Amino acid sequence: MKILNYLKRYSLLIVILIVFTVGQVAATLALPDYTARIINDGIIGNDQNVIVSNGVLMLVVAFAGGICTVIAGYLAARIGTGFSRDLREGLFTKVESFSLAELNSFSTSSLITRSTNDIQQVQMVIVMIMRMVLSAPITAVWAVYKAYSVAPDMSWLMALAVGVLLTIFVVVFSFALPKFKLVQELTDKLNRVARENLTGIRVIRAFNKQLHEAKRLNVVNLDLTRTNLFIARIVALMQPVMFLILNMLSVGVIWVGVHLISDYTLGIGEMLAFMQYAIQVVIAFLLISIVFIMVPRAWVSIRRITEVLSLDALITNPNKPVKPEEKSGTVEFKDVTFGYNNADTPVLENISFTAKSGQTTAFIGSTGSGKSTLINLVPRFYDTLFGEVLIDGVNIREMELHDLRARIGYIPQKAVLFSGTIMSNIAYGTDDASQEQIEKAAEIAQAANFINSFPEKYETQVSQSGTNLSGGQKQRLSIARAIVKDPEILIFDDTFSALDFKTESKLRHALTEITKDKTVLVVAQRVNTILHADQIIVLNQGRIVGIGTHQELMKVCEVYREIARSQLSEEELKKYNGEEEDGRQEG
């Protein structure tokens, strides 16, 4: 199991912990022997020296046992917290290595639960195992042996108690395990509903669906509460059952012991020592029962964490990466076909084109035509099923991922900002960006004016997800972040849709100056955005149905003509010469 690898680095501490645990148990089980000597030889034998000497030894042994207990507790806590820290880092690193295909296998709320609640459950059980499960079996076995050596005639009482305790464990475990699994699933569901409500609060209020969402949350919350109450009832039942067995065992020991004492086959000291050993055995099982109650829930958490750790990333670095000799940023697709996992039909089929450096290549098509999917193949967010994607003549599968993505400035359709300052967000992809470079990028992205309007300018704090900024402001900061990186390839995934026409026009004009030696890929819904592109690729149902400039496509591509005519006025069509040329050709 991969999760155990995170415990191996603490092997030495675990060995030391076991040593101190054995010392703790030895001290605890030595005390009944001194008690028996004090009663038999000291009190009944009327020997004051035996009482004093054994009393002093009891204090010394108890003190030594206390020291062992404290050290063992510290070591268990250190191992548990270190293990959870390493596991959390390992899980985060694993998730970071996933392609979008693997990330789609888990919901965001599920990954958050696994990284927080599940790891917390495992940590708690690890600490309990280190403290209780290590000491309890040693205590139980050792106490049974010592009890048998002190009073073998009463050992059948111990065997009966142990048998009853083991039966209870099996029954409780069989009932608890399915319920703990259900708790984790319901926790995931509750987190998902809560997250959807928090992120979609505006839509919920706009459509007056607060009551509907409250009912959704209440259904999941009620199921979770009922399941937790069922588990709580089992846990609450365990303690009184254990104490009932302990009391019955004590009564049995006294009843049998009295008869043995009257027959002169057992001393009072031995009977009391046997009772103390019996109590230690029951307490050991009580501690184990506490851990066993937690183990089913932790086991579910372990399986959920292992599910993530065991999932191999589909997109990894090649064994012998190749670095392109040129740095022009030319992108070439050769007969590329792509489909999502479990999809019946491919999203893209037989895609071939070349996007050259110094040119703008635009992609347009109806919703679901595969535009965003296509450009997500360039930074290897997904891998192709067939065909090749090349950058400067090198297949991107042969390039190191860091080197590949260092060449690309990616601006997603939905701007993503992080908690911090405006400056830290713009410089996010460039560790050594200067103040001058950041301000220049903001100016090109048409963000400088609104940034300078804030009292703290570039040191203005950005709230979580940028909720204190408008959609257009967030998008311009996202564009500035890509510009300051100064990559060979710039990818705009329907980036301009959040901008007004005036800002978009200024931005496109400013970009012209800095993209003369870059490859620019633009996904757009609006024809106005791509009218002046050097190359427009028209997609329809995952296939290329047209490649050319605006004027060329107006002549030969019916799909493009339909899109253009639905968005542009007659005057605009004539202005860009598309409609006139089309008319001449028909005449």
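Position 218 of the sequence shown, counted from 1, bears residue number 218 in full-length UniProt numbering, the numbering being contiguous throughout. Where is the CB? At the ideal position from N, CA and C, for every residue including glycine. Remember, it's a predicted structure, so these values are computed and weren't measured experimentally.
For residue 499, the three-state DSSP class (helix, strand or coil): In the structure shown, residue 499 sits in coil (DSSP, three-state: anything other than H, G, I, E or B).
Other residues of its chain near residue 27: CB distance less than 6 angstroms, five sequence neighbours each side excluded: Excluding residues within five positions, the ones whose Cβ falls inside 6 angstroms are 61, 64 and 65.
Assigned secondary structure, residue 578 (DSSP; H/G/I helix, E/B strand, else coil): The predicted model places residue 578 with a pLDDT of 45, which falls under 50 and marks its position as unreliable, so this point remains unresolved.
Simplified DSSP assignment, three categories, for residue 535: Here residue 535 carries a strand assignment [DSSP, helix/strand/coil].
The ligand GDP heavy atom lying under 6 angstroms from the CB of residue 427: Annotation note on the ligand GDP: not contained in the displayed structure, which lists no ligands.
Residue 150 versus residue 259 - alpha carbon distance: C-alpha separation (whole angstroms): 16 angstroms.
Residues of its chain near residue 255, where Cβ-Cβ distance is below 8 angstroms and the 5 sequence neighbours each way are ignored: Answer for residue 255: no residue qualifies.
Three-way DSSP call (helix, strand, coil) for residue 352 in this model: In the structure shown, residue 352 sits in a strand (DSSP, three-state: E or B).
Inter-residue CB distance, residue 278 and residue 158 (contact presumed, cutoff 8 angstroms): The pair is a contact, with the Cβ atoms about 6 angstroms apart (cut-off 8 angstroms).
Run of the beta strand (DSSP E) containing residue 669, from where it starts to where it stops: Past the edges of the chain, shown from 1 to 587, lies residue 669, and the structure says nothing about it.
First and last residue of the uninterrupted beta strand (DSSP E) at residue 415: Element bounds for residue 415: n/a, residue is neither H nor E.
Residue 599 burial status per 10 Å Cβ neighbour count (16 or more: buried): In the structure displayed, the chain extends from 1 to 587; residue 599 sits before or after that span and is not available.
Status (buried if at least 16 other CB within 10 Å, exposed otherwise) for residue 345: Answer is exposed; the Cβ neighbour count stays below 16.
Residue ranges of each alpha helix (DSSP H) within the stretch 463-510, 4 or longer: Counting whole runs of 4 or more residues, the stretch 463-510 contains the alpha helix (DSSP H) stretches 471-485.
Burial state of residue 156, where buried means 16 or more other Cβ atoms lie within 10 Å: Flag for residue 156 reads exposed.
For residue 521: DSSP bridge partner residues: Within the DSSP bridge table, the entry for residue 521 names 361 and 491 as partners.
Coarse secondary structure for residue 332, derived from DSSP in three states: Correct three-state label for residue 332: strand.
Contact the stretch 358-374 vs the stretch 526-541: 3+ CB pairs below 8 angstroms: The stretch 526-541 and the stretch 358-374 touch, with three or more beta-carbon pairs separated by less than 8 angstroms.
Any 3 or more C-beta pairs closer than 8 angstroms across the stretch 107-120 and the stretch 177-192: Cβ pair count under 8 angstroms is three or more, so yes.
Proximity below 7 angstroms, CB of residue 79 to CB of residue 20: No.
From 15, 289 and 526, residue whose alpha carbon lies closest to that of residue 565: Out of 15, 289 and 526, the CA that lies nearest to the CA of residue 565 is found in 526.
Span of the beta strand (DSSP E), counted from its first residue to its last, around residue 388: Where residue 388 is concerned, the enclosing beta strand (DSSP E) stretches over 386-391.
Contact between the stretch 462-479 and the stretch 400-417 (3+ Cβ pairs under 8 angstroms): As far as the Cβ criterion goes, the stretch 462-479 touches the stretch 400-417, which means the pair count is three or higher.
Distance between beta carbons of residue 286 and residue 248, contact taken as under 8 angstroms: Between residue 248 and residue 286 the beta-carbon gap is near 14 angstroms, outside 8 angstroms, which marks them as no contact.
Check whether residue 238 and residue 125 have beta carbons under 7 angstroms apart: For residue 238 and residue 125, no; Cβs fall outside 7 angstroms.
Buried or exposed (CB count within 10 angstroms, at least 16 for buried), residue 466: Buried.
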